[in-house]
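Only one structure is covered here, and it is reproduced in the block below.
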Amino acid sequence: MLLLSLLACTSTPEVTDSPDPTVDDPAPDAVAADLFDPDVLHELVVTLDPADWAALRVQARSYYDLLGEGCFEGPWESPYTWFEADVSFDGEALGRVGVRKKGLIGSLSEERPSLRVDTDHVFDPEAAESGGADARFHGLEKLVFNNGNQDPSRLRTCLAHALFADAGLVAPRCSLAHVVVNGEDLGVYAHTEAIDEALVERVTGAEPVAMYEGALSDFRDDWVVTFEAETDTSTGAELTAVTAALDSDDDALLPALDAVLDLDAFFVFWAAESLAGHWDGYNGNTNNFYAYTAEDGRLRFIASGPDAAFDRLAPFGDDQPVWVATASALANRLSQHEEGRERFEAALTALLDTTWDEGARLARVDAWKDLLQGVSTRDQRTAIADLRDIVAAREGDIRDHLGERFAPTDLRAVPCWTSIGTVHVDFTTEWGSYPDGDVLGAGTTVATYDIDGTVYPTTADGTTIGWAGDGTAILLTISTIAPATYLAPYVVFRPEALVRGEDLPVDGALVSSQLLYNTPDTNGEWQTAAWLGFGDVRFDALSVTTGGRVSGTLDVAVLGSRE
-11 MLLLSLLACT STPEVTDSPD PTVDDPAPDA VAADLFDPDV LHELVVTLDP
39 ADWAALRVQA RSYYDLLGEG CFEGPWESPY TWFEADVSFD GEALGRVGVR
89 KKGLIGSLSE ERPSLRVDTD HVFDPEAAES GGADARFHGL EKLVFNNGNQ
139 DPSRLRTCLA HALFADAGLV APRCSLAHVV VNGEDLGVYA HTEAIDEALV
189 ERVTGAEPVA MYEGALSDFR DDWVVTFEAE TDTSTGAELT AVTAALDSDD
239 DALLPALDAV LDLDAFFVFW AAESLAGHWD GYNGNTNNFY AYTAEDGRLR
289 FIASGPDAAF DRLAPFGDDQ PVWVATASAL ANRLSQHEEG RERFEAALTA
339 LLDTTWDEGA RLARVDAWKD LLQGVSTRDQ RTAIADLRDI VAAREGDIRD
389 HLGERFAPTD LRAVPCWTSI GTVHVDFTTE WGSYPDGDVL GAGTTVATYD
439 IDGTVYPTTA DGTTIGWAGD GTAILLTIST IAPATYLAPY VVFRPEALVR
489 GEDLPVDGAL VSSQLLYNTP DTNGEWQTAA WLGFGDVRFD ALSVTTGGRV
539 SGTLDVAVLG SRE
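Mapping of the sequence shown onto this note's numbering: residues -11 to 551, in sequence order.
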């Protein structure tokens, strides 16, 4: 995705010493509220060793990490490490603290990484020996800065969290922040309150009994293992109880669920996610959410990562109204239950009647647009105008379809990858033949495709390679397998991954590897047929000067979902 580059004309505020950042700050919640003032463009300045910054930027997880070996055997392991940095917020020094990257897949970026700041992450050996500093910055131990990677307006995250809070749900406070790292202007981020026990206690007045993070997680036998425990008291018993309740027959379903899940609160949560169009949340994608157990022993939900909310698309399926998200086990089952559907529609109607307030949402978008005048780009201003149109049309779009009976959909299978075939390519070509070369006429290429037991003969093959506009390198092979029908292995390399004479694993060490296809049915557009992995690229000859000889082999598996 092309990322916005904001103007670098914003001055860095003078940094002042902070008050003693301890847990004894007077009225820490009232003071922390200033850090989330939505009418202020806050300023985060981070300074760290350039080598550490370079290392932080490239840390990542890939689809291979998520869906390959070890898939759905437990929570996803974090690939991120902490780095020592000097940090200031709104000109006030936090001191020497910990900074790391954050994100699952959709928010990952090397140019503008999402960041987490931990004021209590100790690097001082003497402080560590004494048990740490237990430091706070105006009552906060964690500061979270989301890059809005799926949102060119950079406003959707805060707009969605405000809606969730207005709906009476536990939701993090959110404001806009201008981020500068080592003097580099990274643009506008969403500064969100950390989703943890402190947030639940602030909003509800009581600490959660247990808490979990959900990332590709659901209340299904094969899926509950991916929930990550956020507290020492999180045993998973609540998760299995909800899973068992979903197996109840229709007459017993709602009472069984309400015994282990605050069902009224869930209907509001489901309706709020649908109203916001949070397709990458729990009910739309079984992703980006937290669940916590309250003192009554029942689970409740918190939405997270809504940077793709308020989209024009209907991402929940072509056979679903734009306002219904039914990918989750809970929403799917309740959507097929008469009283469940009625209670969902009642919750959605109540949000429209009492909470939505189109004028207030539009005023907030306009205020943020004005706030960003000094740093926004033309593309960002265009995206904000587009977002405004979506918000203005949202209530009408939903009311036009309210009451429609949406068709039940099948729950998706565990998305783990398995091999469904192989691709083998022997190629010889010239560097710089990509992107402008005649692919089918480039070099000497022999390709073999064996997919789902079918061997595809090819009548013409070609390979190009060269630099892409973003600084990566592209290896592209195209084969004609029928009239106007093509298959194309497509491998993206980081420059440092271009090595001669070594087997380079196609498992995330490269940027990506896909099998594309183009047929008369796609109207000439290239589409992804499958991911490629569990194999290698090898360059026997590699000259990265224009016209230089490049030869080697691509030997990989075609990946499909494991049933």
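Yeah, the Cβ is synthetic: ideal placement off N, Cα and C, and Gly gets one too.
Residue i versus residue j - alpha carbon distance
i       : j      : result
Thr145  : Leu29  : 15 Å
Trp519  : Glu201 : 27 Å
Glu283  : Ala194 : 8 Å
Asp557  : Asp173 : Here the chain has residues from -11 to 551 only, and residue 557 is not among them.
Ala155  : Val353 : 18 Å
Val188  : Ala259 : 20 Å
His389  : Thr231 : 31 Å
Glu98   : Pro140 : 16 Å
Val46   : Pro101 : 9 Å
Leu242  : Ala313 : 19 Å
Gly305  : Gly272 : For Gly305, the pLDDT reaches just 49, beneath the cut-off of 50, and the residue's location in the model is therefore unreliable, although a value from the coordinates is still provided. If you take the alpha carbons of Gly305 and Gly272, they lie about 10 Å apart.
Leu(-6) : Gly91  : Legend: pLDDT at Leu(-6) = 23, less than 50; position of this residue unreliable, value from coordinates given subsequently. Near 22 Å, if we compare the C-alpha coordinates of Gly91 and Leu(-6).
Ala456  : Ser95  : 21 Å
Gly446  : Asp210 : Note that residue 446 corresponds to Thr in the displayed sequence, not to Gly. If I take the Cα positions, the gap works out to 40 Å.
Ala115  : Thr397 : Confidence at Ala115 is low in this model, with a pLDDT of 45, below 50, so its placement is unreliable and no value can be given for it.
Pro63   : Leu103 : 21 Å
Val411  : Ala476 : 10 Å
Leu157  : Ala291 : 9 Å
DSSP three-state assignment for residue i, whether helix, strand or coil
i      : result
Pro14  : Residue confidence for Pro14 is low, a pLDDT of 42 falling below 50, so the modelled location carries little weight and cannot support an answer.
Glu543 : Reading the sequence as shown, one finds Asp at residue 543 and not Glu. Strand at Asp543.
Tyr68  : coil
Gln47  : coil
Phe257 : helix
Asn271 : helix
Ser574 : Only positions -11 to 551 of the chain appear in this structure, which leaves residue 574 out of reach.
Arg286 : coil
Val248 : helix
Cys162 : strand
Asp154 : helix
Ala21  : helix
Tyr52  : helix
Val85  : strand
Val213 : helix
Thr397 : coil
Cys59  : coil
Leu242 : helix
Leu322 : helix
Thr447 : coil
Ala73  : strand
Arg537 : strand
Contacts around residue i, its chain only, beta-carbon distance under 7 Å, and the 5 residues preceding and following it disregarded
i      : result
Arg286 : Val248, Leu249, Asp250
Leu55  : Pro403, Cys404, Trp405
Gly429 : Gly450
Asp458 : none
Val538 : Thr417, Glu418, Trp419, Ile453, Phe527, Ala529, Leu530, Ser531
Endpoints, beta strand (DSSP E) assigned at residue i
i      : result
Thr281 : 277 to 281
Thr219 : Thr219 -> no beta strand (DSSP E), and no H or E assigned at all.
Val34  : 30 to 35
His412 : 405 to 418
Leu520 : 515 to 530
Ala198 : 198 to 202
Leu131 : 130 to 134
Leu103 : 102 to 106
Ile439 : 432 to 439
Sequence-distant residues of its chain with Cβ nearer than 6 Å to residue i (five each side left out)
i      : result
Arg526 : Asp491, Gly540, Thr541
Ala182 : Lys130, Val132
Ser501 : Val479, Val494, Leu520
Ala264 : Ala148, Leu151, Ala297
Thr343 : Asp154, Ala155
Ile93  : none
Ala427 : Strictly speaking, residue 427 in this sequence is Val, with Ala absent from that position. If we look at Val427 and ignore the five residues flanking it on each side, its Cβ neighbours are Gly450, Thr452, Ile466.
Other residues of its chain near residue i: CB distance less than 8 Å, five sequence neighbours each side excluded
i      : result
Thr460 : Val480, Phe481, Arg482, Pro483, Val499
Thr4   : Per-residue confidence for Thr4 stands at a pLDDT of 44, beneath the threshold of 50, marking its modelled position as unreliable; the derived number appears in the next sentence. Excluding positions up to five away in sequence, the list reads Gly79, Glu80, Ala81.
Asp25  : Ser163
Ala233 : Leu241, Ala244, Leu245, Ala247, Val248, Leu249
Asp40  : Phe71, Glu72, Ala73
For residue i, the first and last residue of its enclosing alpha helix (DSSP H)
i      : result
Thr231 : 225 to 233
Inset, instruction - Would you mind listing the beta strand (DSSP E) stretches within the stretch 460 to 509 that are 3+ residues and don't spill past its ends, in chain order? - result: 461 to 470, 473 to 481, 491 to 493, 500 to 506
Inset, instruction - Return the chain-ordered ranges of every beta strand (DSSP E) run that is complete within the stretch 169 to 194 and spans a minimum of 3 residues. - result: 172 to 180
Inset, instruction - Within the stretch 325 to 385, note down every full alpha helix (DSSP H) run reaching 4 residues or more, in order along the chain. - result: 326 to 342, 346 to 359
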